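First up is the structure itself, then whatever we jot down about it.
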Amino acid sequence: MRGDNLSKRITIGRANNGDVLVTGRQGTTVNGLPALRLRLPTINAVELLMNGGDDDVIINGMQIANDLSVNLGEGNDAFRSGALPTTVGGNLIVTGEAGNETVRLANWSVGGVVMIDGKIGALNSQISGFTVGFALTVVGDEQRDRVSISQTSTGDFFYVETKGGNDSVSLSKVSGLGSMISTDMGADVVSLIDVSALEDIGVFAGTENDQVSFENVASAKNITVSLDSGNDSFTGTTVFAELDAVFEGGFGTDTYVDNGVLGLVKTDIKEFEIFP
9 MRGDNLSKRI TIGRANNGDV LVTGRQGTTV NGLPALRLRL PTINAVELLM
59 NGGDDDVIIN GMQIANDLSV NLGEGNDAFR SGALPTTVGG NLIVTGEAGN
109 ETVRLANWSV GGVVMIDGKI GALNSQISGF TVGFALTVVG DEQRDRVSIS
159 QTSTGDFFYV ETKGGNDSVS LSKVSGLGSM ISTDMGADVV SLIDVSALED
209 IGVFAGTEND QVSFENVASA KNITVSLDSG NDSFTGTTVF AELDAVFEGG
259 FGTDTYVDNG VLGLVKTDIK EFEIFP
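Residues in the sequence shown are numbered from 9 upward in steps of one, following the working numbering.
Structure follows, in structure tokens:
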């Protein structure tokens, strides 16, 4: 499906009889009509190319056998889920272009990988209630990104990369092979709550004053937190690694708050100055 360079509002879902229904909202037309009905009992794959304009796409209760690929194009766009769960048998790939992107999805099952890349502009990505067969990756840009992943399990790693900007990253009630978060430059806030991993968990912040907090975080291998330069802080509450737990404050006046942090083989705390 291909859009034009105007702002578009569409919902893609199933009608009561099982037909695929593409409905325009707020004056948007589909092939010149208010809605387009497709008699497709099964859907192999879906590709959406939205092009320019400030677009808003809702996927509601779809079953796609293989890949779902969405290119939101230029503009301030949104890609959202409806009230009904959606199943994607292959990969879910969501890509922005120039502009601020919002991706807000809940209660999906994805058999392959999930990749969300905001490209140029601020990314607001909220993922909840997902089951993912392989890796879940979210990539922002140099703007102020907001990434939230909750109540989600993967068969591989969670990867979050927000690059520059004063970013916020939150993982809550997630489990998988591991988690790797990189925020790069900016005064960033990273929160992990109820996170478990069969392998490593790592948070790598960049320059400026970053705040990282862990609560009920467990790794069957290693935990690493590296805060780089700036007046940073780490707070750990009930944090456990089967092997090493390593925390590096970096250059600056850094604060380390220990409310129960343990690496069973080694707990290594380096370059922190304040221990309240």
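The C-beta atom is built at its ideal place from N, Cα and C for all residues, glycine as well.
Note that this is a predicted model, so its numbers are computed, not measured.
Between the segment 39-51 and the segment 89-96 there are fewer than three inter-stretch CB-CB distances shorter than 8 Å, so the stretches are not counted as touching. In this structure, DSSP gives Lys16 a state outside helix and strand, which the three-state scheme calls coil. Take Thr110, set aside five residues on each side of it, and the residues of its chain with a beta-carbon closer than 6 Å to its own are Ala86, Asn132, in chain order. With fewer than three CB-CB distances shorter than 8 Å, the segment 74-85 does not count as touching the segment 19-30.
Under DSSP, Ile101 forms a beta bridge with Ser77, Met123. Take Arg33, set aside five residues on each side of it, and the residues of its chain with a beta-carbon closer than 6 Å to its own are Arg17, in chain order. Lys278 counts as exposed, since fewer than 16 other beta carbons sit within 10 angstroms of its beta carbon.
With fewer than 16 other beta carbons inside 10 angstroms of its own, Asp276 counts as exposed. For Phe87, the enclosing beta strand (DSSP E) stretches over residues 85-89.
Nearest C-alpha to Gly104 among Val30, Gly83, Thr162, Val182: Gly83.
With contacts defined by Cβ atoms closer than 8 Å, Gly210 and Met193 do not form a contacting pair. Leu92: not part of any beta strand (DSSP E); DSSP gives it neither H nor E. Of Leu235, Ala195, Ala226, the smallest CA-CA separation from Phe212 is found for Leu235. Counting only residues of its own chain and dropping the five nearest sequence neighbours on each side, Gln159 has a CB closer than 6 Å to the CB of Ser136, Gly137, Lys181.
No Cβ-Cβ contact shorter than 8 Å links Gly271 with Asn239. DSSP lists Tyr167, Gly210 as the beta-bridge partner residues of Met188. In this structure, the CA atom of Gly257 is about 38 Å from the CA atom of Leu80. Nearest in C-alpha terms to Ser190, of all of Ile201, Asn174, Asp202, is Asn174.
With fewer than 16 neighbouring CB atoms inside 10 Å of its own CB, Thr37 falls in the exposed class. When the Cα atoms are used, Phe242 and Leu100 turn out to be separated by approximately 33 Å. Closest in C-alpha terms to Gly90, from the list Thr19, Ala106, Ser15, comes Thr19.
Residue pairing of Asn68 in beta bridges, as defined by DSSP: Gly21. From the listed residues Thr232, Ile67, Phe248, Met70, the smallest Cα separation to Asp202 is found for Phe248. Annotated three-state conformation of Val273 is coil, per DSSP.
Arg154 sits in a strand when the DSSP states are folded into three classes. Arg112: member of the beta strand (DSSP E) spanning 109-114, first to last residue. The three-state secondary structure of Asn132, taken from DSSP, is strand. Secondary structure at Thr263: strand, using DSSP grouped into helix, strand and coil.
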